[in-house]
Amino acid sequence: MAMEHYYKLLHDHIQSLNSKFREKFSIKQPLYDDIILVLRDGWGDSQLKFWVHKNFKLAKNGDQDLVYEIKSNCPIVTYENMYMKIKECHERVTHQGRDQTWLQVKGRYSWIPIYCVKLFISQCSECFNKKSFLNPIAVKPVVSMGYLTRLQMDFIDMRNVQDEKYKWILHTMDHFTKFSWAYSLKSKEVKSVADKLLQQFYSFGAPRILQSDNGKEFVAKVIKELKTSWIDLTIINGRSQNSQTHAFVEHNNQILKLTLYKWIQLNNCKNWSKGLAQVVYSINSSSTQSIKITPYEKVFGPKSSYDIDMWQVLSTQDVVNEEDLPQDVIDKLKEYENQTNVVETTTLLNIKNSLTSLSLVPQISLDLTLPTVLSSKIHMSHQMKNKQRSELLANEQIESNDTEKESNSRKAYSMRNNQRLRSETEAMDMTITFKRRKLFHDALHQY
1 MAMEHYYKLL
11 HDHIQSLNSK
21 FREKFSIKQP
31 LYDDIILVLR
41 DGWGDSQLKF
51 WVHKNFKLAK
61 NGDQDLVYEI
71 KSNCPIVTYE
81 NMYMKIKECH
91 ERVTHQGRDQ
101 TWLQVKGRYS
111 WIPIYCVKLF
121 ISQCSECFNK
131 KSFLNPIAVK
141 PVVSMGYLTR
151 LQMDFIDMRN
161 VQDEKYKWIL
171 HTMDHFTKFS
181 WAYSLKSKEV
191 KSVADKLLQQ
201 FYSFGAPRIL
211 QSDNGKEFVA
221 KVIKELKTSW
231 IDLTIINGRS
241 QNSQTHAFVE
251 HNNQILKLTL
261 YKWIQLNNCK
271 NWSKGLAQVV
281 YSINSSSTQS
291 IKITPYEKVF
301 GPKSSYDIDM
311 WQVLSTQDVV
321 NEEDLPQDVI
331 DKLKEYENQT
341 NVVETTTLLN
351 IKNSLTSLSL
361 VPQISLDLTL
371 PTVLSSKIHM
381 SHQMKNKQRS
391 ELLANEQIES
401 NDTEKESNSR
411 KAYSMRNNQR
421 LRSETEAMDM
431 TITFKRRKLF
441 HDALHQY
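Counting in UniProt numbering, the sequence shown runs from 1 upward without gaps.
Now the structure itself:
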């Protein structure tokens with residue numbers, strides 16, 4: 001009933017538009033089918049072909065053809081599927097309002113006008129009944145030089161909604177990326193806090209500065225407890241916060257708390273510890289006002305939108321084993337694997353060539369030295385032999401000096417090559433890591 005009412009309101013809006021804008025508002029299923037025919041079979045008149053080839057491309061998902069917009073590299077959503085796709089994105093951000101829903105829609109799909117998102121939000125009963133989220137506050141954020149330079153640590157009081165023995169949430173956030181972590185706690189004891197932080201640090205790395213609204217004394221105790229397990233850990237106790245910084249931190253804590261309350265309402269479950277990880281993932285997957293992209297993308301790199309529909313369709317087909325994937329999907333995964341293997345093989349060959357070039361230096365020098373000595377031992381007169389012997393002794397002295405210089409030169413050359421080899425290896429390792437991460441996101445994290 002809600003979907004029927006939505007499409008009725010949307011239809012009325014489209015009819016109120018100028019005829020020129022009315023035709024370009026969305027793509028309905030018949031036109032979608034025609035686009036597939038143009039891209040796949042070359043069907044259609046010249047004007048349609050020009051428009052289609054300029055704006056769209058075809059992707060395969062088993063036997064199913066999917067149309068993607070070239071500009072955004074996102075799948076096209078038809079008019080008939082618009083409601084369900086917006087609903088999916090709105091629930092993915094746990095009803096966080098128009099802006100977060102629109103960012104999710106825009107990042108995953110194309111040809112969904114923002115008006116359709118606004119209309120959906122206005123008709124959402126959950127958003128109508130819930131307490132509105134806090135508006136972004138206009139304060140200067142804490143200055144950070146990079147990821148894990150400064151970590152904020154605070155507690156959220158959940159004693160009014162106790163989950164068995166859990167009464168508190170330990171909320172940590174990296175100030176540079178706004179990436180959050182959260183852990184359910186039974187108490188605010190230093191030992192409990194340190195155990196959760198160690199779990200985080202071993203997985204994601206330790207910060208340079210640790211700060212908290214609970215005061216420098218509490219942070220000092222936590223750092224001391226951390227060092228009982230991680231002896232050489234180096235963390236600086238952050239400075240006290242001013243009023244603006246405190247408001248900024250409190251705002252982020254309230255976002256987490258309100259989102260968790262929404263999860264409790266939607267799932268009719270007071271065991272909030274079960275939904276804490278899901279809520280944190282939702283926050284990390286939502287764009288922030290300050291960095292304009294999601295914290296997840298800031299830390300791990302942007303997720304490609306290509307093949308999102310393909311993986312979603314596969315998830316609905318109960319595909320469990322990789323062997324059951326469609327052949328074109330298997331071929332694509334093999335292509336990604338081959339690209340990774342090529343990078344690794346190239347790296348090994350470059351390292352081998354660099355090592356070989358180092359070992360050739362003394363061999364070349366020796367090969368050039370021997371003929372010079374042997375060529376002097378030819379038959380000649382006694383006088384010439386004496387003269388040659390004197391010259392030979394002088395040459396040997398010169399060669400001895402040259403050999404010493406050549407040895408020093410080889411050492412310097414070897415050191416330069418070692419430094420170059422080390423730099424090339426580090427650069428290649430970074431390239432492999434980057435390409436593996438990109439291939440991993442392209443192939444597996446486009447749900």
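Even for Gly, the Cβ is constructed at its ideal location relative to N, Cα and C.
In the DSSP assignment, what residue or residues form a beta bridge with E69?
Here residue 69 refers to the residue found at position 69 of the sequence shown. Answer is F56, C74, bridged to E69.
Identified DSSP bridge partners for S110
Residue numbering aside, residue 110 sits at position 110 when the sequence shown is read from its first letter. S110 is bridged to I76.
What is the C-beta distance between T172 and Y147, in whole angstroms, given that I count them as a contact (C-beta under 8 Å)?
Residue 172 sits at position 172 when you count from the first residue of the sequence shown. Residue 147 sits at position 147 when you count from the first residue of the sequence shown. So it is not a contact: roughly 13 Å between Cβ atoms.
So the alpha helix (DSSP H) Y183 belongs to, where does it begin and stop?
Position 183 of the sequence shown, counted from the start, is the residue given in the question as residue 183. It is not in any alpha helix (DSSP H) - Y183 instead sits in the beta strand (DSSP E) that spans 180-185.
Secondary structure at S229, three-state DSSP: helix, strand or coil?
Here the question's residue 229 lines up with position 229 in the sequence shown. Three-state DSSP puts S229 in a helix.
Just verifying my parser: in three-state terms, what is the DSSP assignment at R239?
In the sequence shown, residue 239 corresponds to position 239, counting from 1. The three-state reading of DSSP puts R239 in coil, since its state is none of H, G, I, E or B.
Go to W272, then tell me how far its alpha helix (DSSP H) extends in each direction, as first and last residue.
Within the sequence shown, numbered from 1, the residue matching residue 272 stands at position 272. It spans 272-284 - the alpha helix (DSSP H) in which W272 sits, taken as one unbroken run.
Considering only DSSP beta bridges, list what L210 is partnered with.
Residue numbering aside, residue 210 sits at position 210 when the sequence shown is read from its first letter. Per DSSP, L151, N237.
Can you give the Cα-Cα distance for R208 and E250, rounded to whole angstroms?
On the sequence shown, residue 208 is found 208 positions in, with the first residue counted as 1. On the sequence shown, residue 250 is found 250 positions in, with the first residue counted as 1. CA-CA distance, R208 to E250, rounds to 22 Å.
Chain-order list of residues whose beta-carbon lies under 6 Å from that of A182 (same chain, five-residue window excluded):
For this step, residue 182 is matched to residue 182 along the sequence shown. Cβ within range, chain order: I169, H171, L276, V280.
How far does the beta strand (DSSP E) with M173 in it extend, from its first residue to its last?
For the purposes of this step, residue 173 is taken as the residue at position 173 of the sequence shown. From DSSP, the beta strand (DSSP E) with M173 extends over 168-174.
Hey, would you say Y79 sits closer than 9 Å to S26, going by beta carbons?
The residue you call residue 79 lines up with position 79 of the sequence shown. The residue you call residue 26 lines up with position 26 of the sequence shown. Going by C-beta atoms, Y79 is nearer than 9 Å to S26.
Have a look at the DSSP bridge pairing and note the partners of N61.
Here the question's residue 61 lines up with position 61 in the sequence shown. Bridge partners of N61: Q64.
Would you call the segment 156-164 and the segment 259-277 in contact, with 3 or more CB pairs under 8 Å?
yes
Limits of the alpha helix (DSSP H) - the one that D163 falls within
Here the question's residue 163 lines up with position 163 in the sequence shown. No alpha helix (DSSP H) holds D163; DSSP gives it neither H nor E.
Name, in chain order, the residues that DSSP records as bridge partners for I156.
Taking the first residue of the sequence shown as 1, we reach residue 156 at position 156. DSSP lists I169 as partners of I156.
Alpha-carbon spacing of D154 relative to D213, whole angstroms:
Along the sequence shown, one-based indexing puts residue 154 at 154. Along the sequence shown, one-based indexing puts residue 213 at 213. Answer to the nearest angstrom: the Cα atoms are 6 Å apart.
Who are the Cβ neighbours of I70 in its own chain at under 8 Å, not counting the five residues just before and after it?
Within the sequence shown, numbered from 1, the residue matching residue 70 stands at position 70. Once the five neighbours on either side are set aside, the close Cβ partners of I70 are K54, N55, F56, K57.
C-alpha gap between Q265 and E297, whole angstroms
To locate residue 265, count along the sequence shown from 1; it is residue 265. To locate residue 297, count along the sequence shown from 1; it is residue 297. Q265 and E297: Cα-Cα distance of roughly 29 Å.
Based on Cα-Cα distance, which residue from L151, K165, E88 lies nearest to F120?
By 1-based counting over the sequence shown, the position of residue 120 is 120. Out of L151, K165, E88, E88 has the C-alpha closest to the C-alpha of F120.
To the nearest angstrom, how far is it from the Cα of V117 to the Cα of K191?
The residue labelled residue 117 in the question sits at position 117 within the sequence shown. The residue labelled residue 191 in the question sits at position 191 within the sequence shown. Between V117 and K191, the alpha-carbon positions lie close to 46 Å from each other.
Within the same chain, show all residues whose beta-carbon is closer than 6 Å to that of E322, passing over the 5 residues directly before and after it, in chain order.
Numbered from its first residue, the sequence shown carries residue 322 at position 322. Contacts found: none.
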